[in-house]
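Everything in the sequence shown is counted per my numbering, starting at -5 for the first residue and increasing by one.
All C-beta atoms, glycine included, are put in the ideal place defined by N, C-alpha and C.
Since we're looking at a predicted model, the values are computed, not measured.
Below is one structure, written out as C-alpha cells; comments come after it.
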Amino acid sequence: MGYKATISDPFRQPICDRCAGNRGIEYTTKPGTPIIAGASGFVSFSGVVANTNYLVIKTAGGKRLTYGSILNSDLHIGSSVVVGQIVGTTSNMLYFGVRESSALGDIYVDPAKYLNQNNQFLSRAVLVSGASTGFDLVDSGDRDSAC
-5 MGYKATISDP
5 FRQPICDRCA
15 GNRGIEYTTK
25 PGTPIIAGAS
35 GFVSFSGVVA
45 NTNYLVIKTA
55 GGKRLTYGSI
65 LNSDLHIGSS
75 VVVGQIVGTT
85 SNMLYFGVRE
95 SSALGDIYVD
105 PAKYLNQNNQ
115 FLSRAVLVSG
125 ASTGFDLVDS
135 GDRDSAC
C-alpha cells in the first residue's frame, strides 16, 4: 500500500552555501501519514530547527537522509533504523533531503536521483528502498495523477 504525496516544492540547487534554493523535495501529505525510512543506518539528529521537527538518518556509506516537518517520532539520536521501518508521521507536508560527503564537505544533492534506482529503490518514485510500502510521488509537472 502506498501513500500519495504530491510534490509541492522541488529540489533547487543553491548556488552557494547560504544562497536561496530548496535543498530537498517538499511533499504535500495528509497529517499522520507514516514516514518510511529510505535506507538503513542510525539517527544522527532528531530535534527542532526553526520551529520544524527534523529526523536525520546517517547510512553506513555516509549519506544523510533528512526528513522534516515531522509530526511525531519516537526515535532519538543513536537509534538504529532499518530500511522500510516507520520512523515517524507527517504533518501536512514532508521535507526529504539527501546529503553526500565530498572533497568539499557535505553537499546537498537532488533526492530524486535516489528515487528511481532499480537496485535500491522501487521503479516508481517512492521513498522506500526495496519495500512494498511507501510514498507514491506525483511529479510536480503532473500534480493530478500518480507516476
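- Ala54 and Val43 have their C-alpha atoms spaced approximately 25 Å apart.
- A distance below 8 Å between beta-carbons, with the five flanking residues on each side excluded, links Leu65 to the following residues of its chain, in chain order: Pro25, Gly26, Asn47, Gly82, Thr83, Thr84 and Ser85.
- Taking C-alpha positions only, Phe90 is separated from Leu98 by approximately 22 Å.
- Here Thr84 is bridged, per DSSP, to Ile64.
- Under the DSSP assignment, Phe5 falls outside any beta strand (DSSP E); it carries neither an H nor an E label.
- Where Pro105 is concerned, there is no enclosing beta strand (DSSP E), because DSSP gives it neither an H nor an E.
- In the three-state reduction of the DSSP assignment, Gly72 falls in the coil class, being assigned neither a helical nor a strand state.
- Between the C-alpha atoms of Gly72 and Gly62 there is a straight-line separation of about 18 Å.
- Around Phe39, the same chain offers Val50 as residues with beta carbons nearer than 6 Å, after the five sequence neighbours per side are excluded.
- Arg93 sits buried, since 16 or more C-beta atoms from the chains shown fall within 10 Å of its C-beta.
- Contact annotation: Gly78 and Ile19 have beta-carbon atoms that are not nearer than 8 Å.
- For Leu59, the closest alpha carbon among the candidates Ser2, Ala33, Arg12 and His70 is that of Ala33.
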